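Numbering (the working numbering), first residue to last: 135 to 215.
What follows is the structure, given as structure tokens:
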């Protein structure tokens with residue numbers, strides 16, 4: 135739907151200029167956080183999970199792809215409050 139109001143934006147180009155920092159960049163050593171100390175969080179592992187096809191009785195005969203698509207569409211179309 136087109137808006138009744140239109141906005142005009144005026145832009146004036148100028149020559150580029152270098153902006154210097156307000157103060158020198160700090161040069162210091164920081165301690166690692168607790169998250170950085172955990173070896174299991176330091177690396178990314180590729181994995182996949184396999185599940186047994188044992189749907190609950192309420193899902194018997196349903197197409198899982200269709201159920202996921204409908205669910206994702208509903209989540210996107212809910213009004214934001």
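Backbone N, C-alpha and C define an ideal beta-carbon position, used for all residues, glycine too. Keep in mind the model is a prediction, meaning the values are calculated, not measured.
Going by C-alpha positions, residue 204 is about 14 Å away from residue 193. Excluding its 5 nearest sequence neighbours in each direction, residue 201 has C-beta neighbours in its own chain below 8 Å: 193, listed in chain order. In the three-state reduction of the DSSP assignment, residue 196 falls in the coil class, being assigned neither a helical nor a strand state. DSSP, read as helix, strand or coil, puts residue 168 in helix.
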